[in-house]
Amino acid sequence: AAVFILCLRNNGSDVLLGPKLYGKAKNKGLTVPAGCFRPKRDKIRVNAAKRELKEETGIDLPADRFRGFRIPGGEYWFLVRLADEKPCTLPERDHLGNAVWGPAQFYPTEKVVSLPIARWLRKRLQKALAHEIVQSAEN
């Protein structure tokens, strides 16, 4: 099962995205930090989200900074609100030294519709952002 991390800053006006540089999704556009939840290794989904965020961006946060939610369609996402944390300026590398993701940077959320976001992710990201807007309005 996958976990997706929606990293927002500036009261939700910026979203953290990076390019996939290796594998099937290479050169297909920007993506959010994401990865696989492996129950034997991660135990709970938030551990997978923490691990993926650190691997892909260098940002290491405690579990209580991650708020889990599901978008329509059932995928599990985590919201992380960032303040002063900055992503690493170098891409994530695999065990062979290949650059696989990143470097990440912040983009205005209102530009999500026009950014070169991976086709498989665009609607999912829009649903996650819409979910967060509704949640913020309710709180």
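In our numbering, the protein residues as written are 601 to 739.
Glycine included, each C-beta is placed from N, C-alpha and C at the ideal position.
Those residues which DSSP pairs with residue i across a bridge
i, result
"C636", "A602"
"R681", "L608"
"E692", "W701"
"P708", "D614"
"T631", "G618"
Counted within 10 angstroms of its Cβ, other Cβ atoms place residue i as buried (16 or more) or exposed
i, result
"C607", "buried"
"H730", "Note that residue 730 is Ala in the sequence shown, not His. Burial call: exposed."
Nearest-angstrom Cβ-Cβ length linking residue i and residue j, presumed shorter than 8 Å
i, j, result
"V615", "T709", "5 Å"
"P687", "P703", "6 Å"
"F706", "R609", "6 Å"
Beta-carbon proximity check, residue i vs residue j, cutoff 9 Å
i, j, result
"G618", "E652", "no"
"V632", "L725", "yes"
"Q628", "G673", "Reading off the sequence shown, one finds Lys at residue 628, where the question assumed Gln. No. Outside cutoff."
"K650", "V700", "no"
"G612", "E685", "no"
"F666", "I717", "no"
Cutoff 8 Å; reference residue i; Cβ partners in own chain excluding five residues on either side
i, result
"A602", "A634, G635, C636, F637, E675 and Y676"
Contact set for residue i: own chain, Cβ-Cβ below 7 Å, skip 5 residues either direction
i, result
"R645", "V603, F637, G668 and Y676"
"G658", "P687 and C688"
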